[in-house]
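**Q** Okay, handing you the structure first.
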DNA sequence: TTTTATGTTAATCAAATGATTAAAATGGCT
DNA sequence: AGCCATTTTAATCATTTGATTAACATAAAA
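Protein chains in written order, with my numbering: chain A, 16 to 219; chain B, 16 to 219.
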């Protein structure tokens with residue numbers, strides 16, 4: 016219970032933590048209030064309802080995970096290789112700071128797909144129109160080994176390799192016996208590895 | 016409402032569908048009853064409680080996703096390459112038939128990690144002791160380019176590349192405009208692709 | 001100091017939800 | 001048919017849970 020934050024901020028912080036962990040349906044407003052160290056009524060005083068509070072958290076979460084890399088992949092000056100490198104690095108850094116973010120967003124998408132295509136909708140088409148994706152398609156078109164490859168596989172692979180370890184973290188650490196520090200080192204190692212694997216896939 | 020199944024079976028089928036979609040907390044027993052076309056009380060008559068019913072669904076789900084490949088990866092007669100191929104193929108086939116399975120299991124792990132390490136615990140250590148993993152480590156040890164690579168990255172990559180598209184399916188289909196058939200074809204294509212990418216990573 | 005706006009709390013409400021009960025229906029068995 | 005075990009239902013209960021209310025506290029403004 017951090018006294019240096021305002022009640023409103025403490026509520027949002029607690030809500031983010033619990034929503035990220037347990038999802039919307041699995042989180043009770045009373046738990047948020049307790050985690051924030053405030054009276055339950057204050058939650059409704061500041062945020063009107065559980066839904067409204069959730070919307071705010073979700074919007075901020077989506078922005079964080081989608082827009083973290085937007086500048087990188089739209090930079091017209093950098094090369095394809097430079098972009099691949101920058102994307103992987105900045106994404107992994109974001110996820111190390113917010114390890115539950117991917118699981119949270121993907122769970123809520125699965126529980127409520129309609130809601131989501133609407134919410135993300137516009138801010139998602141941009142992926143196919145980024146400088147990165149254009150460079151990728153050009154590269155595939157120019158390389159005879161890649162000419163029959165659906166270019167979509169490549170960014171999907173990068174996201175898979177970056178994100179999945181965070182989603183499967185409890186399992187992964189349990190299997191391998193890694194602690195939190197070791198896990199962070201393990202995924203940090205993957206910054207370079209994923210860049211190299213991706214270059215292999217692209218025959219670079 | 017399939018009349019050819021017993022009430023007990025219809026309940027389990029409905030429960031599986033809803034739990035897989037909405038998770039434990041997001042599913043109401045009344046919804047299960049309605050989906051199954053039976054009276055709510057019947058659910059408790061056959062399964063005692065929502066928790067007990069969930070346990071059954073979860074146990075079966077875990078078995079399905081963990082033991083689908085157990086024979087393949089423990090086969091002492093097949094080569095490493097053959098195993099990689101078989102694992103990817105059988106896993107993707109399983110997931111095409113059960114597209115919500117990974118999202119379901121991973122969501123519940125995230126919401127309730129303690130519960131899970133206990134539940135999976137024993138049946139998970141086996142991964143590090145399989146024939147596949149041994150062959151993998153031997154291969155890495157024998158190859159100078161791979162000697163400094165933590166071998167764990169490789170099976171993790173395979174699982175990432177296989178599973179993640181199913182977890183991100185709503186997003187993926189939304190971005191690319193794929194329909195269900197096209198998505199299935201897309202992930203089916205990945206059977207061969209992932210095998211090849213994995214072989215690249217292993218310098219095979 | 002009184003007043004007023006803002007922040008906070010305890011108590012309570014109403015709806016949702018998991019579960020139970022007691023009665024009714026169903027189907028085999030003699 | 002009559003009897004018995006099993007299955008199914010409607011009605012109800014008890015608890016949980018999101019939300020509201022009315023009172024109280026605090027601090028700034030007049």
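Yeah, the Cβ is synthetic: ideal placement off N, Cα and C, and Gly gets one too.
Nearest-angstrom Cα distance between residue 170 of chain A and residue 205 of chain A?
**A** Along the first chain, read from residue 1 onward, the residue named residue 170 of chain A stands at position 155. Along the first chain, read from residue 1 onward, the residue named residue 205 of chain A stands at position 190. Their Cα atoms are separated by approximately 16 angstroms.
**Q** Compare the C-beta of residue 33 of chain B with all C-beta atoms of chain A and state if any pair is closer than 8 angstroms.
**A** Here residue 33 of chain B refers to the residue found at position 18 when the second chain is read from its first residue. Not an interface residue.
**Q** Would you please verify whether the beta carbon of residue 30 of chain B is less than 8 angstroms from any beta carbon of chain A?
**A** By 1-based counting over the second chain, the position of residue 30 of chain B is 15. Closer than 8 angstroms: no.
**Q** Leaving out five residues on either side along the sequence, give the residues of the same chain with a beta carbon under 6 angstroms from the beta carbon of residue 68 of chain A.
**A** Along the first chain, read from residue 1 onward, the residue named residue 68 of chain A stands at position 53. Contacts found: 30 and 62.
**Q** At the 8 angstroms Cβ level, is residue 161 of chain B part of the contact set with chain A, yes or no?
**A** As a working note, residue 161 of chain B is residue 146 in the second chain. Taking Cβ atoms only, chain A never reaches closer than 8 angstroms to residue 161 of chain B, which makes this a no.
**Q** Kindly indicate which three-state DSSP category residue 194 of chain B falls into: helix, strand or coil?
**A** Counted from its first residue, the second chain places residue 194 of chain B at position 179. Here residue 194 of chain B sits in coil by DSSP.
**Q** Answer yes or no: do residue 26 of chain A and residue 51 of chain A have a C-beta to C-beta separation smaller than 8 angstroms?
**A** Sequence index remark: in the first chain, residue 26 of chain A carries index 11 (1-based). Sequence index remark: in the first chain, residue 51 of chain A carries index 36 (1-based). Contact flag set, yes.
**Q** Since residue 112 of chain A is in the alpha helix (DSSP H), which residue starts that stretch and which ends it?
**A** Residue numbering aside, residue 112 of chain A sits at position 97 when the first chain is read from its first letter. Unbroken alpha helix (DSSP H) run through residue 112 of chain A: 95 to 112.
**Q** Taking the continuous alpha helix (DSSP H) assigned at residue 52 of chain A, which residues delimit it?
**A** Here residue 52 of chain A refers to the residue found at position 37 when the first chain is read from its first residue. Unbroken run through residue 52 of chain A: none, as it is neither H nor E.
**Q** Give the single residue among B:98, B:82, B:187 and B:133 whose Cα lies nearest to the Cα of residue 146 of chain B.
**A** For the purposes of this step, residue 146 of chain B is taken as residue 131 along the second chain, with counting starting at 1. When each option's Cα is compared against that of residue 146 of chain B, the closest is B:98.
**Q** Would you check if the region 172 to 188 of chain B and the region 116 to 129 of chain A touch, i.e. whether three or more CB-CB distances between them fall below 8 angstroms?
**A** Contact between the region 116 to 129 of chain A and the region 172 to 188 of chain B is present, because at least three Cβ pairs lie under 8 angstroms.
**Q** Helix, strand or coil, according to DSSP, for residue 20 of chain B in the structure here?
**A** Counted from its first residue, the second chain places residue 20 of chain B at position 5. It is coil, neither helix nor strand.
**Q** With DSSP collapsed to three states, give me the class of residue 168 of chain A.
**A** Position 153 of the first chain, counting from 1, holds the residue named residue 168 of chain A. If DSSP states are grouped into helix, strand and coil, residue 168 of chain A belongs with the helices.
**Q** Would you list, in chain order, the members of the region 67 to 100 of chain B that have their beta-carbon closer than 8 angstroms to a beta-carbon of chain A?
**A** If the cut-off is 8 angstroms between Cβ atoms, the region 67 to 100 of chain B has nothing near chain A.
**Q** Exposed or buried, what is residue 106 of chain A when buried is set at 16 or more other beta-carbons lying within 10 Å of its beta-carbon?
**A** As a position in the first chain, residue 106 of chain A is number 91, starting the count at 1. Burial call: buried.
**Q** Taking the runs of the alpha helix (DSSP H) that are 4 residues or longer, which of them lie wholly in the region 29 to 88 of chain A?
**A** Correct list: 44 to 51, 55 to 62 and 65 to 82.
**Q** For chain A, check one thing: does any of its Cβ atoms lie closer than 8 angstroms to the Cβ of residue 131 of chain B?
**A** Position 116 of the second chain, counted from the start, is the residue given in the question as residue 131 of chain B. By this cut-off, residue 131 of chain B is an interface position.
**Q** Strictly under 8 angstroms for the Cβ-Cβ distance: is residue 217 of chain A near chain B by that measure?
**A** To locate residue 217 of chain A, count along the first chain from 1; it is residue 202. Answer no: the Cβ-Cβ gap between residue 217 of chain A and chain B never drops below 8 angstroms.
**Q** Return the chain-ordered ranges of every beta strand (DSSP E) run that is complete within the region 128 to 157 of chain B and spans a minimum of 3 residues.
**A** Whole beta strand (DSSP E) segments, 3+ residues: zero.
**Q** Going by CA-CA distance only, name the one from A:189, A:45, A:217 and A:196 that's closest to residue 157 of chain A.
**A** Here residue 157 of chain A is taken as the residue at index 142 of the first chain, counted from 1. Measuring from the Cα of residue 157 of chain A, the nearest candidate turns out to be A:217.
**Q** Counting only Cβ pairs nearer than 7 angstroms, list the residues of chain B close to residue 198 of chain A.
**A** Translated into the one-based positions of the first chain, residue 198 of chain A becomes position 183. In chain order: nothing, as chain B lies at least about 11 angstroms away.
**Q** Report the rounded CA-to-CA distance for residue 202 of chain B versus residue 167 of chain A, giving the unit in angstroms.
**A** Position 187 of the second chain, counted from the start, is the residue given in the question as residue 202 of chain B. Position 152 of the first chain, counted from the start, is the residue given in the question as residue 167 of chain A. Answer to the nearest angstrom: the Cα atoms are 11 angstroms apart.
**Q** When burial is assigned at 16 or more other CB atoms within 10 Å of the CB, is residue 194 of chain B buried or exposed?
**A** Locating residue 194 of chain B in the second chain gives position 179, counting from the first residue. Label assigned to residue 194 of chain B: exposed.
**Q** Taking the C-alpha atoms as reference points, what is the distance between residue 10 of chain B and residue 37 of chain B?
**A** With chain B covering 16 to 219 only, the question about residue 10 of chain B has no answer from this structure.
**Q** Scan the region 33 to 48 of chain A for residues whose Cβ lies nearer than 7 angstroms to a Cβ of chain B and list them as they occur along the chain.
**A** Flagged, chain order: 36, 37, 38, 40 and 41.
**Q** With three or more C-beta pairs closer than 8 angstroms as the rule, is the region 100 to 114 of chain B touching the region 76 to 91 of chain B?
**A** Short answer: they touch.
**Q** By how many angstroms is the C-alpha of residue 176 of chain A removed from the C-alpha of residue 198 of chain A?
**A** As a first step, residue 198 of chain A must be located in the first chain, where it is residue number 183. As a first step, residue 176 of chain A must be located in the first chain, where it is residue number 161. Each residue's Cα considered, the two are about 15 angstroms apart.
**Q** Using Cβ-Cβ distances below 8 angstroms, what residues of the region 170 to 194 of chain A are close to chain B?
**A** Answer in chain order: 171, 172, 174, 175, 176, 178, 179, 180, 182, 183, 185, 186, 187, 189, 190 and 191.
**Q** Excluding five sequence neighbours on each side, which residues of the same chain lie with their C-beta closer than 6 angstroms to the C-beta of residue 119 of chain A?
**A** One-based indexing of the first chain puts residue 119 of chain A at position 104. Correct list, in chain order: 35.
**Q** Please report the straight-line C-alpha distance between residue 200 of chain A and residue 108 of chain A, rounded to a whole angstrom.
**A** Translated into positions along the first chain, residue 200 of chain A becomes position 185. Translated into positions along the first chain, residue 108 of chain A becomes position 93. One C-alpha to the other measures close to 11 angstroms.
**Q** Counting only beta-carbon atoms, is residue 118 of chain A nearer than 8 angstroms to chain B?
**A** Within the first chain, residue 118 of chain A is the residue found at index 103, counting from 1. Residue 118 of chain A counts as touching chain B.
**Q** Taking CB distances under 8 angstroms as the criterion, tell me whether residue 124 of chain A reaches chain B.
**A** The residue you call residue 124 of chain A lines up with position 109 of the first chain. Chain B, which has a Cβ nearer than 8 angstroms to the Cβ of residue 124 of chain A, makes this yes.
**Q** Verify the CB distance criterion: does residue 142 of chain B have a CB-CB separation below 8 angstroms to chain A?
**A** Along the second chain, read from residue 1 onward, the residue named residue 142 of chain B stands at position 127. Interface residue, yes.
**Q** On a Cα-Cα basis, can you pick out the residue from B:161, B:189, B:116 and B:143 that is closest to residue 219 of chain B?
**A** Taking the first residue of the second chain as position 1, residue 219 of chain B is located at position 204. Nearest of B:161, B:189, B:116 and B:143 to residue 219 of chain B, Cα basis: B:161.
**Q** Looking at the structure shown, is residue 189 of chain B part of a helix, part of a strand, or coil, going by DSSP?
**A** As a working note, residue 189 of chain B is residue 174 in the second chain. If DSSP states are grouped into helix, strand and coil, residue 189 of chain B belongs with the helices.
**Q** When you compare the CB positions of residue 47 of chain A and residue 33 of chain A, do they come within less than 8 angstroms of one another, or not?
**A** What you label residue 47 of chain A is simply residue 32 of the first chain in a count that begins at 1. What you label residue 33 of chain A is simply residue 18 of the first chain in a count that begins at 1. Yes.
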